[in-house]
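K.L.:
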RNA sequence: GGCCUCAUCGUCUAACGGUUAGGACACCAGGUUCUCAUCCUGGCAAUCCGGGUUCGAUUCCCGGUGAGGUCACCA
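Next up, the structure:
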């Protein structure tokens, strides 16, 4: 098996959103797929100190952990190529930049930002593309670190292979002299990511589509540095469902951790992100993370952007919730119980949960679904009056039926769902009522909720005493 | 504007050049002794347009159109 080293290299400029998470996920899947020969690296690209946001590094780490995307090398865990934060690697970039200077492939930029702007304006006015290399100084000053350092490009046509996009090509106009070290001494992304990928022996570079147009520049730099290029893979954007733009923080992209707080399962998120722009060619829709690791492949990644469809995500989340064992679900759902359930008996909660499992779309639905199991619901006759069948009965008839139910249930000795159902069936025959009337009425009078699970199971779990109390209250309620 | 990329149901997608263009989400209808959900069954719904090549194009080629990206001392 070949060695695969992938990396996720975010900038600490805020929270992590789904687009970034998917890029990380794909790189991670690829590494995990290679088993012991695969390494996933987390490197922080903090070379723009202006844009850096306090706390983002920890936040990125937390987000990956939540997803279960564990890195083998990188910040916090270390590794053979420490440090994994670019701002702590400045000496390395300086050294590599100096090599380019010595080889005559980099030079100090003597122009002021104002002068550069003037060049740009002029090119724009003349309707031709601006290329810095048209203004290469003949006698650049010696680089003393106070000026930006530019790569002296060697414009040429390139055709290259992208693991996702296939054959790609570009002309020499795509290549220009770009800045590799800024005047503040920090390197630019264009330069340092290539240096680090080389040093860290990254074999597969996965990144999103926005970098496609700069790839020719990168290729030119690989050549100048005499580096073997890694496998390049360009991932299509994740787009907002109604927007036409890539999903960015500005377009309402959410913090990936917020999904967890809203009751989404990380494995559902992983499944959803993986199948957003990738499929295994079969008709399988629901995947465990292990299945994804086995079947993921770059050549089945889509070339075109995909929209983030919350409906599908919601459905997938439900699928994963249902796939959990009751014990596991119970652990996951811990922070979501309604306040009144906190002190409840664990056994009792587990029974309630088993009834709710099929009904949860997110874990956050739990309180609305289970409240009446833990606290006395407020009597609300509008639920009865709003029922098509029940409103045909007079209040007296309704109470008469409830009293009958109360009577038979009160003498019930075996309080199991099966025998409760049997008793209710007998009552059905005795009263000559339709199930739609009797069951609905009892259901409402014991839960006072617009909907609830099957009546027999609900009553069984509520317990005889509670059921008797609630029915008694309903019967004696003045309305 | 230059350059680059992309294009199948509303959405995510499948289809060695030969299929009644398949699946999933959503939606609609029905079933599971009541409601909600699950589950099951059925329905609605797509190859951007125009030229080629070919006996035959969703598929290959060319041209449009549309969409997106990029042209920073940001990544």
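Residue numbers (our numbering): 24 to 502. Note that CB positions come from ideal geometry on N, CA and C, so glycine has one too.
Near residue 41, which residues of its chain fall below 7 Å by C-beta distance, leaving aside the five closest residues on each side in sequence?
P.N.:
Taking the first residue of the first chain as position 1, residue 41 is located at position 18. So the list reads 261, 270, 276, 279, 296 and 331, once near-sequence residues are dropped.
K.L.:
Identify every run of the beta strand (DSSP E) within the stretch 154-215, keeping only runs that are complete inside it and at least 3 residues long; order them along the chain.
P.N.:
Counting only runs of 3 or more, we get 172-174, 181-185, 189-193 and 202-204.
K.L.:
To the nearest whole angstrom, what separates the beta carbons of residue 247 and residue 123, a pair I think is in contact under 8 Å?
P.N.:
One-based indexing of the first chain puts residue 247 at position 224. One-based indexing of the first chain puts residue 123 at position 100. That belief holds up - the Cβ atoms of residue 247 and residue 123 are roughly 7 Å apart, short of 8 Å.
K.L.:
Can the beta-carbon of residue 83 be found less than 9 Å from the beta-carbon of residue 33?
P.N.:
Position 60 of the first chain, counting from 1, holds the residue named residue 83. Position 10 of the first chain, counting from 1, holds the residue named residue 33. Against a cut-off of 9 Å, the Cβ pair of residue 33 and residue 83 comes out as a contact.
K.L.:
Evaluate contact between the stretch 335-352 and the stretch 284-298, counting only Cβ atoms and requiring at least three cross-stretch pairs below 8 Å.
P.N.:
Because the criterion of three Cβ pairs below 8 Å is met, the stretch 335-352 and the stretch 284-298 touch.
K.L.:
Is it the case that the stretch 184-201 contacts the stretch 66-81, given that we only count it when at least three CB pairs across the two stretches are under 8 Å?
P.N.:
Taking 8 Å as the limit for Cβ pairs, the verdict is that the stretch 184-201 does not touch the stretch 66-81.
K.L.:
Use the C-beta contact count for residue 184: other C-beta atoms within 10 angstroms, 16 or more gives buried, fewer gives exposed.
P.N.:
Within the first chain, numbered from 1, the residue matching residue 184 stands at position 161. It is exposed - the Cβ of residue 184 has fewer than 16 other Cβ atoms within 10 Å.
K.L.:
Bridge partners for residue 227 per DSSP, in chain order?
P.N.:
In the first chain, counting from the first residue as 1, residue 227 sits at position 204. In the DSSP output, where bridge partners are listed per residue, residue 227 has 29 and 254.
K.L.:
Am I right that residue 344 and residue 413 are in contact with their C-beta atoms under 8 Å? What's the rounded C-beta distance?
P.N.:
The residue you call residue 344 lines up with position 321 of the first chain. The residue you call residue 413 lines up with position 390 of the first chain. Not quite, the Cβ-Cβ distance comes to about 32 Å (not below 8 Å), so this is no contact.
K.L.:
Between residue 202 and residue 98, what straight-line distance do the alpha-carbon atoms span, to the nearest angstrom?
P.N.:
Within the first chain, numbered from 1, the residue matching residue 202 stands at position 179. Within the first chain, numbered from 1, the residue matching residue 98 stands at position 75. Cα to Cα, residue 202 sits roughly 27 Å from residue 98.
K.L.:
Based on the DSSP output, what are the partners of residue 130 in its beta bridges?
P.N.:
The residue you call residue 130 lines up with position 107 of the first chain. Partner(s): 173.
K.L.:
In chain order, which alpha helix (DSSP H) runs of at least 4 residues are fully inside the stretch 358-402?
P.N.:
Here the runs fully enclosed are 369-379 and 389-397.
K.L.:
Looking at the secondary structure, which residues open and close the beta strand (DSSP E) in which residue 42 lies?
P.N.:
To locate residue 42, count along the first chain from 1; it is residue 19. Residue 42 -> not in any beta strand (DSSP E); alpha helix (DSSP H) instead, spanning 41-56.
K.L.:
If we call anything under 9 Å between Cβ atoms a contact, is residue 432 one with residue 490?
P.N.:
Against the first chain, residue 432 aligns to sequence position 409. Against the first chain, residue 490 aligns to sequence position 467. Contact flag set, yes.
K.L.:
Residue 373: buried (16+ other C-beta within 10 angstroms of its C-beta) or exposed?
P.N.:
Working through the first chain from its first residue, we reach residue 373 at position 350. With fewer than 16 other Cβ atoms within 10 Å, it is exposed.
K.L.:
Give the DSSP-derived three-state secondary structure of residue 411 in the structure shown.
P.N.:
Stepping through the first chain from its first residue, residue 411 is reached at position 388. Note: residue 411 maps to coil in three-state DSSP.
K.L.:
What is the residue span of the beta strand (DSSP E) that residue 65 lies within?
P.N.:
On the first chain, position 42 is the one that residue 65 refers to. Its beta strand (DSSP E) spans residues 61-65.
K.L.:
Identify which residue in 46, 35, 255 and 27 has its Cα closest to the Cα of residue 56.
P.N.:
The count along the first chain starts at 1 and reaches residue 56 at position 33. Among 46, 35, 255 and 27, the Cα nearest to that of residue 56 is on 27.
K.L.:
Which residue from 467, 370 and 189 puts its Cα closest to that of residue 484?
P.N.:
Here residue 484 is taken as the residue at index 461 of the first chain, counted from 1. Residue 370 is the option with its Cα nearest to residue 484.
K.L.:
Name the one or two DSSP bridge partners that residue 324 has.
P.N.:
Start at 1 with the first residue of the first chain, and residue 324 comes out as number 301. For residue 324, which the question treats as bridged, DSSP gives the partners 301.
K.L.:
Nearest to residue 352 by CA position, among 396, 364, 233 and 380, is which residue?
P.N.:
Taking the first chain and counting its residues from 1, one reaches residue 352 at position 329. The shortest Cα separation from residue 352 among 396, 364, 233 and 380 belongs to 380.
K.L.:
Return yes when the Cβ of residue 176 is within less than 9 Å of the Cβ of residue 156, no when it is not.
P.N.:
The residue labelled residue 156 in the question sits at position 133 within the first chain. The residue labelled residue 176 in the question sits at position 153 within the first chain. It is a contact, given that the beta carbons lie within the stated cut-off.
K.L.:
Would you grab the beta carbon distance between residue 358 and residue 397 for me? Rounded to a whole angstrom, and I think it's under 8 Å.
P.N.:
Taking the first chain and counting its residues from 1, the one referred to as residue 358 is at position 335. Taking the first chain and counting its residues from 1, the one referred to as residue 397 is at position 374. Incorrect: roughly 16 Å between the Cβ atoms, too far for contact.
K.L.:
Ignore the nearest five residues each way along the sequence and tell me which others in residue 38's own chain have a CB closer than 6 Å to its CB.
P.N.:
In the first chain, counting from the first residue as 1, residue 38 sits at position 15. These residues qualify, in order along the chain: 82 and 278.
K.L.:
Which first and last residues belong to the alpha helix (DSSP H) in which residue 482 is found?
P.N.:
Taking the first residue of the first chain as position 1, residue 482 is located at position 459. From DSSP, the alpha helix (DSSP H) with residue 482 extends over 478-485.
K.L.:
So, for residue 476: in the same chain, excluding its five sequence neighbours on each side, which residues have a beta-carbon less than 6 Å away from its beta-carbon?
P.N.:
Residue numbering aside, residue 476 sits at position 453 when the first chain is read from its first letter. If we look at residue 476 and ignore the five residues flanking it on each side, its Cβ neighbours are 378.
K.L.:
When DSSP labels each residue in this structure, what does residue 146 get in the three-state scheme?
P.N.:
In the first chain, the residue the question calls residue 146 occupies position 123. Three-state DSSP puts residue 146 in a helix.
K.L.:
For the alpha helix (DSSP H) that residue 124 lies in, which residues bound it at each end?
P.N.:
To locate residue 124, count along the first chain from 1; it is residue 101. Run containing residue 124: 113-125, per the alpha helix (DSSP H) assignment.
K.L.:
If the criterion is Cβ atoms closer than 9 Å, does the pair residue 526 and residue 393 meet it?
P.N.:
Here the chain has residues from 24 to 502 only, and residue 526 is not among them.
K.L.:
Could you tell me the distance, in whole angstroms, from the CA atom of residue 54 to the CA atom of residue 29?
P.N.:
The residue you call residue 54 lines up with position 31 of the first chain. The residue you call residue 29 lines up with position 6 of the first chain. For residue 54 and residue 29, the distance between alpha carbons rounds to 6 Å.
K.L.:
Tell me the start and end of each unbroken alpha helix (DSSP H) in the stretch 409-450 that is at least 4 residues and wholly inside, in chain order.
P.N.:
Entirely contained in the stretch 409-450, the alpha helix (DSSP H) runs reaching 4 residues are, in chain order, 418-433.
K.L.:
Helix, strand or coil for residue 465? Go by DSSP, reduced to three states.
P.N.:
On the first chain, residue 465 is found 442 positions in, with the first residue counted as 1. It is helical.
K.L.:
Any idea if residue 128 is buried or exposed, counting beta-carbon neighbours within 10 angstroms, 16 or more meaning buried?
P.N.:
If you number the first chain from 1, residue 128 lands on position 105. The residue is buried, with at least 16 neighbouring Cβ atoms inside 10 Å.
K.L.:
Assign residue 502 to one of three DSSP states: helix, strand, or coil.
P.N.:
Walking along the first chain from the start, residue 502 turns up at place 479. Coil, per DSSP.
K.L.:
In the DSSP assignment, what residue or residues form a beta bridge with residue 13?
P.N.:
Since the displayed the chain opens at 24 and closes at 502, residue 13 lies outside it and no answer follows.
K.L.:
Go to residue 317, then tell me how far its alpha helix (DSSP H) extends in each direction, as first and last residue.
P.N.:
Position 294 of the first chain, counted from the start, is the residue given in the question as residue 317. Start and end: 312-318.
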